[in-house]
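Note that the sequence shown covers residues 0 to 120 in our numbering.
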Amino acid sequence: MEILINVLVLVHLIGMACIVGGWIALRARGVESGRGLSVVVWGARFQILTGLALVGIHESQNDPLNHAKVGVKLTVALACAAAAEMAAAKARKGSGDSNLIDYAGVLGILNTAIAALWETS
Ligand code: HEM
0 MEILINVLVL
10 VHLIGMACIV
20 GGWIALRARG
30 VESGRGLSVV
40 VWGARFQILT
50 GLALVGIHES
60 QNDPLNHAKV
70 GVKLTVALAC
80 AAAAEMAAAK
90 ARKGSGDSNL
100 IDYAGVLGIL
110 NTAIAALWET
120 S
């Protein structure tokens, strides 16, 4: 189970890199169109999936997590994914919205800060 947790954490970290790195790359290029935005969208989707899987495995191992922290992270991750999905939907219609892309990137950084700075137990 240890190896599964380690692999999931690795994918979780790559998902975080896709959100934050994808956002920085888009903003550096001044892009509001759809190109490159799917990296952020898929990163946000994977964070929810891998995060919930990590919670499930930890709980099944009787390894208690900080539930307040998990709840806050899930809320922030859902808002991040919603912003990325809306930005992509608008870009597909030809009306790019850089504010929505910024929300997704900043919420990704916020969740990274919560993961790193909030005590686990
Ligand atoms: C934008 C979304 C997210 C970002 C950027 C993010 C970021 C991170 C990072 C950087 C870590 C590693 C921290 C460390 O090992 O010290 C981490 C760990 C973790 N995250 Fe997330 N996360 C996100 C969403 C979620 C969600 C939605 C959940 C669950 C509902 C979740 C649950 C966890 C758990 C349980 C760990 C600990 C893994 C372990 O040490 O075994 N995360 N997250």
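Glycine residues also receive a C-beta, built at the ideal position from the N, C-alpha and C atoms.
No heavy atom of ligand 1 is found nearer than 6 Å to the CB of N65. Annotation: the stretch 22-68 contains no complete segment of the beta strand (DSSP E) (minimum length 3 residues).
Under the three-state reduction of DSSP output, E84 falls in the helix class. Between G14 and Q46 a beta carbon distance of about 4 Å is seen, short of the 8 Å cut, so the two are scored as contacting.
The Cβ atoms of L106 and V75 sit closer than 7 Å to each other.
Within the same chain, W117 come within 6 Å of K68 by CB-CB distance, once the 5 residues on both sides are set aside.
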